[in-house]
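Okay, so here's the structure we're looking at.
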């Protein structure tokens, strides 16, 4: 049984509805950035793109499921870990990859393909992981949540805004150029505001008791980065490609997870905490890696000119 209280009644609150709209707007703004050239690059460098997709959709989900079988965590925490692991890479991964002097074109290509694959693979991975873990399977039955409801959530939060964004970007380039950046900035700010306001609302929980949850998120995120590194080493891609693959493997779209939690799990507090901590920590870990890589590059340049 969960040690965290759920969000309340069965009906979706205004706050949950607004969060769903914010997430749909974020997905829509990401779709506006996707261009035909992004997908052409996939055909030109399929090996590197596949390398970037393996950690996201195979290694992290399987690794997360195996970890939840070993760890004795509350079912809602395990379900949140599974949900985050099922989500595609976040849109911030392209920015972090660029700052860390990785292959930004590869990062964009992986993000574009992952966003489309997530329409099927996110609900698929989450469904099989939950069903294959006795604790989470029993918890979902207690909540009376049908697995098909998760697909409906993905349709509303991902498929519809993604399709509309791709259509408008293709048909109305001038309009796309005007609205893409403001929409992206607004949705990111609104998502961060929801996380901060939610933590303020539940500030009585922000005690040392939250440290185990943060530790879970740190280790979980580190495993995603490790899977990206291991896959790129095994497939022998270049250093710049390896950086992109690592960031893509470790920066999950926790915002999408928050939207699903709001719509399908009535903003269960344990799940919200895990997804929110992920949303903050993966930026810290990603930017830390980017700074490390920049310093390493600078050290190499200094050594060459010494």
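In our numbering, the protein residues as written are 43 to 348. Heads up, the beta-carbon is just placed ideally off N, CA and C, and yes, glycines get one too.
Handout entry: Range of the contiguous alpha helix (DSSP H) that encloses residue 260
Key = Your numbering for residue 260 matches position 218 in the chain shown. Where residue 260 is concerned, the enclosing alpha helix (DSSP H) stretches over 253 to 277.
Problem - Host alpha helix (DSSP H) of residue 151 (start-end) - result: Against the chain shown, residue 151 aligns to sequence position 109. Start and end: 146 to 173.
Handout entry: Buried/exposed call for residue 267, threshold 16 Cβ in 10 Å
Key = For the purposes of this step, residue 267 is taken as the residue at position 225 of the chain shown. Result: buried.
Practice task
Along the alpha helix (DSSP H) that carries residue 314, what are the first and last residues, could you check?
Solution key: Taking the chain shown and counting its residues from 1, the one referred to as residue 314 is at position 272. Counting along the chain, the alpha helix (DSSP H) containing residue 314 begins and ends at 311 to 347.
Problem - For residue 203, the first and last residue of its enclosing alpha helix (DSSP H) - result: Stepping through the chain shown from its first residue, residue 203 is reached at position 161. Unbroken alpha helix (DSSP H) run through residue 203: 202 to 213.
Exercise for the section: Would you tell me roughly how many angstroms separate the C-alpha atoms of residue 152 and residue 257, rounded to the nearest one? Expected result: Reading the chain shown from its first residue, position 110 is the one you call residue 152. Reading the chain shown from its first residue, position 215 is the one you call residue 257. Residue 152 and residue 257: Cα-Cα distance of roughly 28 Å.
Practice task
For residue 131, write down the residues that DSSP places opposite it in a beta bridge.
Solution key: Taking the first residue of the chain shown as position 1, residue 131 is located at position 89. Residue 131 is bridged to 294.
Exercise for the section: Could you check if residue 346 is buried or exposed, using at least 16 other CB atoms within 10 Å of its CB as the buried criterion? Expected result: For this step, residue 346 is matched to residue 304 along the chain shown. Its Cβ having fewer than 16 others within 10 Å, residue 346 is exposed.
Exercise for the section: Flag this pair as yes or no: are the beta carbons of residue 106 and residue 171 separated by less than 9 Å? Expected result: Along the chain shown, read from residue 1 onward, the residue named residue 106 stands at position 64. Along the chain shown, read from residue 1 onward, the residue named residue 171 stands at position 129. Cβ distance < 9 Å, so residue 106 and residue 171 count as in contact.
Problem - Chain-order list of residues whose beta-carbon lies under 6 Å from that of residue 203 (same chain, five-residue window excluded) - result: For this step, residue 203 is matched to residue 161 along the chain shown. Hits under 6 Å: 66, 69 and 70.
Exercise for the section: Could you tell me the distance, in whole angstroms, from the CA atom of residue 232 to the CA atom of residue 63? Expected result: Counting from one through the chain shown, the residue named residue 232 turns up at place 190. Counting from one through the chain shown, the residue named residue 63 turns up at place 21. Each residue's Cα considered, the two are about 10 Å apart.
Handout entry: Proximity below 9 Å, CB of residue 141 to CB of residue 340
Key = Taking the chain shown and counting its residues from 1, one reaches residue 141 at position 99. Taking the chain shown and counting its residues from 1, one reaches residue 340 at position 298. Contact: no.
Handout entry: Alpha-carbon spacing of residue 300 relative to residue 212, whole angstroms
Key = Taking the chain shown and counting its residues from 1, the one referred to as residue 300 is at position 258. Taking the chain shown and counting its residues from 1, the one referred to as residue 212 is at position 170. In this model, residue 300 and residue 212 are separated by some 29 Å (Cα to Cα).
Practice task
Compute the distance between the beta-carbons of residue 130 and residue 298, then report whether it is under 9 Å.
Solution key: On the chain shown, residue 130 is found 88 positions in, with the first residue counted as 1. On the chain shown, residue 298 is found 256 positions in, with the first residue counted as 1. Cβ atoms of residue 130 and residue 298: closer than 9 Å.
Practice task
Drop a sphere of 10 angstroms on the beta-carbon of residue 103, count the other beta-carbons inside from all chains shown, and report buried for 16 or more, exposed for fewer.
Solution key: Within the chain shown, the letter at position 61 stands for residue 103. By the neighbour-count rule (16 or more Cβ atoms within 10 Å), residue 103 is buried.
Problem - residue 96 versus residue 218 - alpha carbon distance - result: For this step, residue 96 is matched to residue 54 along the chain shown. For this step, residue 218 is matched to residue 176 along the chain shown. So the alpha carbons of these two residues sit roughly 31 Å apart.
Exercise for the section: Note down, in chain order, each residue of its chain lying with its Cβ closer than 8 Å to the Cβ of residue 336, except the 5 sequence neighbours on either side. Expected result: If you number the chain shown from 1, residue 336 lands on position 294. The beta carbon of residue 336 sits closer than 8 Å to those of 141, 142 and 143, all from its chain and outside the five residues before and after it, given in chain order.
Exercise for the section: In the DSSP assignment, find the unbroken alpha helix (DSSP H) run with residue 92 in it and report its ends. Expected result: Your numbering for residue 92 matches position 50 in the chain shown. Run containing residue 92: 88 to 96, per the alpha helix (DSSP H) assignment.
Handout entry: Cut-off 7 Å between Cβ atoms - residues of its own chain near residue 89, not counting five sequence neighbours on either side
Key = By one-based count along the chain shown, residue 89 stands at place 47. Here the set comprises 277.
Exercise for the section: Could you check the C-alpha separation between residue 209 and residue 75 for me, to the nearest Å? Expected result: Position 167 of the chain shown, counted from the start, is the residue given in the question as residue 209. Position 33 of the chain shown, counted from the start, is the residue given in the question as residue 75. When rounded, the distance between both Cα atoms is 11 Å.
Handout entry: Proximity to residue 145 [Cα-Cα], best of 91, 127 and 123
Key = What you label residue 145 is simply residue 103 of the chain shown in a count that begins at 1. Of the candidates 91, 127 and 123, the one whose C-alpha sits nearest the C-alpha of residue 145 is 91.
Exercise for the section: Please report how far the alpha carbon of residue 119 lies from the alpha carbon of residue 288, in whole angstroms. Expected result: The sequence position of residue 119 within the chain shown is 77, counting from 1. The sequence position of residue 288 within the chain shown is 246, counting from 1. Near 25 Å, if we compare the C-alpha coordinates of residue 288 and residue 119.
Practice task
In angstroms with no decimal places, state the Cα-to-Cα distance between residue 324 and residue 270.
Solution key: Counting from 1 along the chain shown, the entry for residue 324 is found at position 282. Counting from 1 along the chain shown, the entry for residue 270 is found at position 228. Taking the straight line joining both Cα atoms gives about 14 Å.
Problem - Nearest neighbour of residue 282, chosen from 94, 312 and 216 [CA to CA] - result: Working through the chain shown from its first residue, we reach residue 282 at position 240. Nearest to residue 282 by C-alpha distance, out of 94, 312 and 216, is 94.
Exercise for the section: Quick one: grab the DSSP three-state call for residue 111. Expected result: By 1-based counting over the chain shown, the position of residue 111 is 69. If DSSP states are grouped into helix, strand and coil, residue 111 belongs with the helices.
Problem - Cα-Cα separation, residue 311 to residue 117 - result: Locating residue 311 in the chain shown gives position 269, counting from the first residue. Locating residue 117 in the chain shown gives position 75, counting from the first residue. One C-alpha to the other measures close to 12 Å.
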